[in-house]
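Trainee: Residue numbers (this note's numbering), protein chains in the order written: chain A, 2 to 358; chain B, 13 to 666. Sharing a structure with you now.
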């Protein structure tokens with residue numbers, strides 16, 4: 002924490018945040034998951050971590066694909082490392098394969114009976130949460146689905162705040178005609194129905210775009226229609242701060258507008274900003290899940306919570322583990338974020354002891 | 013709370029949709045305006061088109077006509093059938109209109125509004141394919157004159173009790189040829205497929221077509237007349253004026269528009285004194301007194317409604333539904349409250365498969381198309397997704413009897429062969445992700461677009477398997493209308509869809525699928541060479557941009573031929589050319605339909621007739637009201653009746 006020079010007040014707030022155990026631990030758990038998920042390919046993947054073949058070591062996780070012929074198999078497509086592992090074991094050679102904890106990719110169908118259908122959780126097959134309707138590993142899909150949702154939400158939050166804060170502060174700081182005109186524009190803009198826009202935009206995106214590109218476009222559309230709410234808060238806060246003496250002082254010594262807004266005013270309205278962050282994340286996750294559930298979200302076969310939930314509702318009777326996993330994950334995720342949000346709000350509350358009468 | 017704003021917007025939008033769909037409980041208004049009468053306009057139209065409308069007398073009727081009354085066909089349905097009870101059905105969505113024609117009339121609900129019960133002049137028998145009388149009492153086909161003579165049954169009545177006469181047959185031409193009707197396809201059909209209608213007396217008329225085809229009879233006999241008295245107000249405002257009026261037809265059920273519960277429920281009631289109720293072919297059909305149709309949009313909800321007993325019949329279309337959701341050891345099935353049936357039917361098959369657009373880059377190379385054929389693992393789809401119940405489609409046109417090709421089968425999944433063909437097209441190296449690339453560094457990747465979200469698992473399987481052959485398939489799941497529009501505008505690489513033929517369609521539609529005219533705007537230059545600047549032609553069903561220059565004369569000959577033998581020969585040649593062109597990857601075919609139904613729904617002992625697409629096509633089932641009560645009380649006490657899981661394979665093709 003030495004990179005930043007937090008003022009004593011901020012340090013006090015951080016200290017208080019740490020004191021609120023529920024939120025603090027939630028934060029630690031979520032961050033741990035986020036960091037872990039960034040290296041998810043080493044935990045849940047059908048590519049081996051290490052293959053030792055004929056004395057050479059291979060690390061296929063992040064490398065180019067290896068055709069079966071690379072490891073003495075007779076096919077030209079990607080090696081099935083699970084089978085390779087079994088083969089090496091049977092041959093009792095010096096070759097070996099180290100697989101990740103869950104040796105399945107979120108995309109591959111692994112049907113033990115040869116029929117694609119949901120199979121219940123089975124630790125011996127390493128399907129710890131069972132499989133979905135086409136026999137794909139649910140844990141894998143949940144893991145990667147959650148990662149996408151979280152990264153999506155973080156990206157969403159960053160973009161919304163960047164635009165919202167900039168526009169909001171400008172409105173509050175400059176005031177006058179600029180404020181009134183921008184406000185009216187925002188009111189008009191925020192009345193465009195967001196769901197329809199998503200549907201329309203998605204129907205005209207060329208299909209040659211990669212999945213990552215499509216996710217990015219979805220993100221942009223959502224940001225485009227969501228940044229407005231942030232401006233209201235920033236505007237009022239800036240109005241409030243603008244008349245303070247320190248701003249007048251900054252103006253007097255000839256600071257530029259940008260400097261005053263971002264260097265002087267922004268740090269003082271940070272509290273408002275920070276308290277909203279977790280809720281923005283919660284709603285971003287809910288929105289992307291809902292869109293997926295309706296079929297307007299991430300393109301298939303991208304793993305996603307919404308898609309799993311949808312599968313789950315269709316197989317309530319026959320495969321309850323699908324809906325339980327997806328629903329459970331969503332509940333845990335949203336609860337963690339909400340706890341964090343609560344803790345942040347409390348730690349940023351200037352009144353430590355509030356008595357309600 | 014403000015931070016939930018966009019989510020709130022979305023929730024609000026969803027809620028508004030729900031509200032809009034549910035809006036209103038009272039029946040729709042339908043006032044008749046007595047002041048309007050288009051009789052004169054109709055007469056003027058007849059007078060203005062003397063070549064189309066001929067008024068003759070009985071004396072002019074050819075005397076040597078051989079009348080066919082179709083009374084030699086087997087009966088339809090079972091003598092055990094009992095009338096009465098209510099049959100509970102669902103609607104996928106509430107119909108936007110009660111009209112059978114015009115804007116929005118082609119909704120999923122139209123079958124239950126009218127199509128399932130309406131009669132035409134004569135109808136094709138569901139076992140033999142021969143004709144039996146409907147509104148007509150007899151007919152005579154004279155191929156030399158391109159003419160069919162029809163005698164209307166004087167007993168026939170519209171559902172509102174009015175008599176059906178030749179006037180209604182004449183009026184149907186005024187009706188469908190009019191711009192008011194706003195149905196370009198039908199208008200065009202009437203304009204091009206008929207050259208004359210002649211009136212001899214109130215019950216006798218003839219229809220003439222421009223050219224004779226082997227299935228001429230079905231084209232002329234299987235059209236319904238239009239009730240002239242009902243369309244007195246037919247005019248420019250037809251779509252709005254008749255939006256919620258129920259057009260009379262000759263069938264057994266009618267719907268009272270005033271009793272419709274908009275957005276929720278429609279009830280069709282059987283006519284007590286239906287004119288055809290003692291007719292040989294109708295007396296055992298149309299048995300329930302009422303057909304109660306409720307809107308249930310979601311498949312899983314429909315299933316739950318069925319399990320509760322709110323729906324009588326449930327069509328089982330997927331293997332997991334048959335084996336997992338409603339397994340044979342389910343208490344309701346094992347105790348015999350719910351019966352399960354597999355019925356192998358006959359007739360042309362829906363051609364499920366991948367339609368490759370050969371106008372697209374790389375797909376214009378037959379080697380790439382062949383590679384894709386071998387890289388599409390339909391075998392795995394059949395065994396793992398459909399659990400071995402379905403069969404592989406052989407060609408694009410299966411099930412047309414002799415018209416289908418006798419020996420061609422679909423290409424199997426074969427990585428070696430796929431790679432060979434891809435290599436012939438220049439895709440020799442595998443890129444870092446295992447997908448083949450050519451010398452220019454282009455990846456072998458195509459988009460598979462479709463609107464069949466319920467079958468999305470199939471595409472996932474195809475995608476994962478194609479990677480093994482070095483082919484990337486990008487899946488693009490689209491909304492129904494948008495998806496098919498994309499295919500019709502030839503914007504797709506590959507499209508997954510099927511065209512469902514009519515159950516009595518006699519021979520495949522070659523012109524629509526294979527003719528150059530439907531592939532490109534200007535396929536050839538003046539000198540007959542391929543036009544380098546040709547553009548794919550939008551709005552046709554030639555989704556493959558299929559154009560083989562030498563084939564067009566054969567297709568035209570096929571199109572114009574009245575000789576079934578020659579047509580069969582041509583059909584085989586065309587199908588062979590299509591096989592070599594390799595732009596259609598045949599998927600799967602469902603040679604049966606599966607049904608689950610409650611014990612109180614009764615069927616003939618043979619279950620159903622050969623040419624049916626689903627169990628209720630011919631409306632031969634009946635409801636045993638006593639059994640309904642008995643079953644429900646037995647179910648409460650766990651009393652078993654004995655399981656009934658039957659496969660009817662009398663019509664199964666060997």
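C-beta: ideal position from N, C-alpha, C; glycine also.
1) For a test of the three-state rule: what should DSSP assign to residue 138 of chain A, helix, strand or coil?
2) Give every residue of the same chain whose Cβ lies closer than 7 Å to the Cβ of residue 566 of chain B, excluding the five residues on either side of it in the sequence, and list them in chain order.
3) Count the other CB atoms, across all protein chains shown, that sit within 10 Å of the CB of residue 218 of chain B; report buried if there are 16 or more and exposed otherwise.
4) Taking 9 Å as the CB-CB limit, is residue 130 of chain B close to chain A?
5) Alpha carbon to alpha carbon, how far is residue 259 of chain B from residue 144 of chain B?
6) Does any C-beta atom of chain A lie closer than 9 Å to the C-beta of residue 33 of chain B?
7) To the nearest angstrom, report how far apart residue 281 of chain A and residue 46 of chain A are at their CA atoms.
8) From residue 656 of chain B to residue 306 of chain B, what distance separates their C-alpha atoms?
9) Whether or not the stretch 230–243 of chain A and the stretch 153–170 of chain A are in contact is what I'm after, with contact meaning three or more pairs of Cβ atoms, one per stretch, closer than 8 Å; do they touch?
10) For residue 470 of chain B, count neighbouring C-beta atoms within 10 Å of its own C-beta (all shown protein chains included) and say buried if the count is 16 or more, exposed if not.
11) List the residues of chain B whose Cβ lies closer than 8 Å to the Cβ of residue 232 of chain A, in chain order.
12) Do residue 344 of chain A and residue 27 of chain A have their CB atoms nearer than 9 Å?
13) Mind checking whether residue 119 of chain A and residue 319 of chain A have CB atoms under 9 Å apart?
14) Please give the ranges of any alpha helix (DSSP H) in the stretch 576–618 of chain B, keeping only runs that are unbroken, at least 4 residues long and fully inside the region.
15) Among A/70, A/75, A/44, whose alpha-carbon lies nearest the alpha-carbon of residue 63 of chain A?
16) Starting from the beta carbon of residue 442 of chain B, find every residue of chain A whose beta carbon is closer than 7 Å, and list them in chain order.
17) Report yes if the C-beta distance between residue 600 of chain B and residue 359 of chain B is below 9 Å; otherwise report no.
18) Which stretch, first to last residue, makes up the alpha helix (DSSP H) that contains residue 94 of chain B?
19) Answer yes or no: does any C-beta atom of chain B fall closer than 9 Å to that of residue 319 of chain A?
20) Locate the beta strand (DSSP E) running through residue 436 of chain B, then write down its first and last residues.
21) Going straight from the alpha carbon of residue 499 of chain B to that of residue 266 of chain A, what length do you get?
22) Is there a C-beta anywhere in chain A that falls below 9 Å from the one on residue 660 of chain B?
23) Which partner residues does residue 150 of chain B have in the DSSP bridge list?
24) Just checking: is the beta-carbon of residue 117 of chain A within a distance shorter than 9 Å of some beta-carbon in chain B?
25) With a 10 Å radius around its C-beta and 16 neighbouring C-beta atoms as the bar for buried, classify residue 303 of chain A as buried or exposed.
26) Please report the distance separating the alpha-carbon of residue 35 of chain B from that of residue 49 of chain A.
27) According to DSSP, simplified to helix, strand and coil, what is residue 526 of chain B?
28) How far does the alpha helix (DSSP H) with residue 200 of chain B in it extend, from its first residue to its last?
29) Identify the contact partners of residue 476 of chain B in chain A, using a Cβ-Cβ distance below 8 Å as the criterion.
30) Would you say residue 406 of chain B and residue 420 of chain B are within 9 Å of each other, going by their C-beta atoms?
31) In angstroms with no decimal places, state the Cα-to-Cα distance between residue 221 of chain B and residue 179 of chain B.
32) Which chain A residues are close to residue 446 of chain B, counting only those with a beta carbon under 8 Å from its beta carbon?
33) Residues in the stretch 100–124 of chain B with C-beta within 9 Å of chain A's C-beta atoms, listed in sequence order?
34) Is there contact here, the stretch 256–273 of chain B with the stretch 61–75 of chain B, by at least three beta-carbon pairs under 8 Å?
35) According to a CB-to-CB cut-off of less than 7 Å, which residues of the stretch 299–312 of chain B neighbour chain A?
36) Under the DSSP definition of a beta bridge, which residues are partnered with residue 123 of chain A?
Mentor: A quick look at the data gives this:
1) Position 137 of the first chain, counted from the start, is the residue given in the question as residue 138 of chain A. Assignment of residue 138 of chain A by DSSP, reduced to helix, strand and coil, places it in the strand class.
2) The count along the second chain starts at 1 and reaches residue 566 of chain B at position 554. These residues qualify, in order along the chain: 582, 585, 586.
3) As a working mapping, residue 218 of chain B is identified with position 206 in the second chain. When all chains shown are included, residue 218 of chain B counts as buried.
4) The count along the second chain starts at 1 and reaches residue 130 of chain B at position 118. By this cut-off, residue 130 of chain B is not an interface position.
5) Along the second chain, read from residue 1 onward, the residue named residue 259 of chain B stands at position 247. Along the second chain, read from residue 1 onward, the residue named residue 144 of chain B stands at position 132. Whole-angstrom Cα-Cα distance: 24 Å.
6) Residue mapping note: residue 33 of chain B aligns to position 21 of the second chain, counting from 1. Any answer about residue 33 of chain B is weak, because its pLDDT of 44 lies below 50 and its placement is not dependable; what the coordinates show is given next. In terms of beta-carbon proximity, residue 33 of chain B stays away from the interface with chain A, with every pair separated by 9 Å or more.
7) Position 280 of the first chain, counted from the first residue, corresponds to residue 281 of chain A. Position 45 of the first chain, counted from the first residue, corresponds to residue 46 of chain A. Spanning the two alpha carbons is a distance of roughly 31 Å.
8) Here residue 656 of chain B is taken as the residue at index 644 of the second chain, counted from 1. Here residue 306 of chain B is taken as the residue at index 294 of the second chain, counted from 1. Approximately 27 Å between the Cα atoms of the pair.
9) Three or more Cβ pairs drawn from the stretch 153–170 of chain A and the stretch 230–243 of chain A lie within less than 8 Å of each other, which places the two stretches in contact.
10) As a first step, residue 470 of chain B must be located in the second chain, where it is residue number 458. Its Cβ being crowded by 16 or more others within 10 Å, residue 470 of chain B is buried.
11) For the purposes of this step, residue 232 of chain A is identified with residue 231 of the first chain, where counting begins at 1. Those do not exist, as residue 232 of chain A stays about 10 Å from chain B at its closest Cβ, beyond 8 Å.
12) In the first chain, the residue the question calls residue 344 of chain A occupies position 343. In the first chain, the residue the question calls residue 27 of chain A occupies position 26. Yes.
13) For the purposes of this step, residue 119 of chain A is taken as residue 118 along the first chain, with counting starting at 1. For the purposes of this step, residue 319 of chain A is taken as residue 318 along the first chain, with counting starting at 1. In contact: residue 119 of chain A and residue 319 of chain A (Cβ atoms closer than 9 Å).
14) Counting only runs of 4 or more, we get 576–593.
15) Position 62 of the first chain, counted from the first residue, corresponds to residue 63 of chain A. Of the listed residues, the one whose Cα sits closest to residue 63 of chain A is A/44.
16) By one-based count along the second chain, residue 442 of chain B stands at place 430. Within 7 Å Cβ-Cβ: 68.
17) The residue labelled residue 600 of chain B in the question sits at position 588 within the second chain. The residue labelled residue 359 of chain B in the question sits at position 347 within the second chain. Not in contact: residue 600 of chain B and residue 359 of chain B (Cβ atoms no closer than 9 Å).
18) The residue labelled residue 94 of chain B in the question sits at position 82 within the second chain. Taken as a continuous stretch (DSSP letters only), residue 94 of chain B belongs to no alpha helix (DSSP H), as it is neither H nor E.
19) As a working mapping, residue 319 of chain A is identified with position 318 in the first chain. So yes, residue 319 of chain A belongs to the interface.
20) Taking the second chain and counting its residues from 1, the one referred to as residue 436 of chain B is at position 424. Taken as a continuous stretch (DSSP letters only), residue 436 of chain B belongs to no beta strand (DSSP E), being part of the alpha helix (DSSP H) at 427–436.
21) Taking the first residue of the second chain as 1, we reach residue 499 of chain B at position 487. Taking the first residue of the first chain as 1, we reach residue 266 of chain A at position 265. The straight-line gap from Cα to Cα measures roughly 55 Å.
22) Position 648 of the second chain, counting from 1, holds the residue named residue 660 of chain B. Residue 660 of chain B does not count as touching chain A.
23) Residue numbering aside, residue 150 of chain B sits at position 138 when the second chain is read from its first letter. For residue 150 of chain B, which the question treats as bridged, DSSP gives the partners B/163.
24) As a first step, residue 117 of chain A must be located in the first chain, where it is residue number 116. Cβ-Cβ to chain B under 9 Å: yes for residue 117 of chain A.
25) By one-based count along the first chain, residue 303 of chain A stands at place 302. Residue 303 of chain A counts as buried, since at least 16 other C-beta atoms from the protein chains shown sit within 10 angstroms of its C-beta.
26) Within the second chain, numbered from 1, the residue matching residue 35 of chain B stands at position 23. Within the first chain, numbered from 1, the residue matching residue 49 of chain A stands at position 48. Below a pLDDT of 50, predicted positions are generally treated as unreliable, and residue 35 of chain B, at 41, falls in that range; the measurement from the model is reported next regardless. Whole-angstrom Cα-Cα distance: 57 Å.
27) To locate residue 526 of chain B, count along the second chain from 1; it is residue 514. Note: residue 526 of chain B maps to helix in three-state DSSP.
28) As a working mapping, residue 200 of chain B is identified with position 188 in the second chain. 196–205 is the extent of the alpha helix (DSSP H) around residue 200 of chain B.
29) By 1-based counting over the second chain, the position of residue 476 of chain B is 464. Here the neighbours are 108, 109, 110.
30) The residue you call residue 406 of chain B lines up with position 394 of the second chain. The residue you call residue 420 of chain B lines up with position 408 of the second chain. In contact: residue 406 of chain B and residue 420 of chain B (Cβ atoms closer than 9 Å).
31) Within the second chain, numbered from 1, the residue matching residue 221 of chain B stands at position 209. Within the second chain, numbered from 1, the residue matching residue 179 of chain B stands at position 167. Between residue 221 of chain B and residue 179 of chain B, the C-alpha separation is close to 19 Å.
32) Residue 446 of chain B sits at position 434 when you count from the first residue of the second chain. Going along chain A in sequence order, the residues near residue 446 of chain B (Cβ under 8 Å) are 66, 68, 78, 79.
33) The stretch 100–124 of chain B vs chain A, Cβ under 9 Å: nothing.
34) As far as the Cβ criterion goes, the stretch 256–273 of chain B does not touch the stretch 61–75 of chain B, which means the pair count is below three.
35) Of all residues in the stretch 299–312 of chain B, 312 have a Cβ within less than 7 Å of some Cβ in chain A.
36) Here residue 123 of chain A corresponds to residue number 122 of the first chain, with the count starting at 1. Bridge partners of residue 123 of chain A: A/128.
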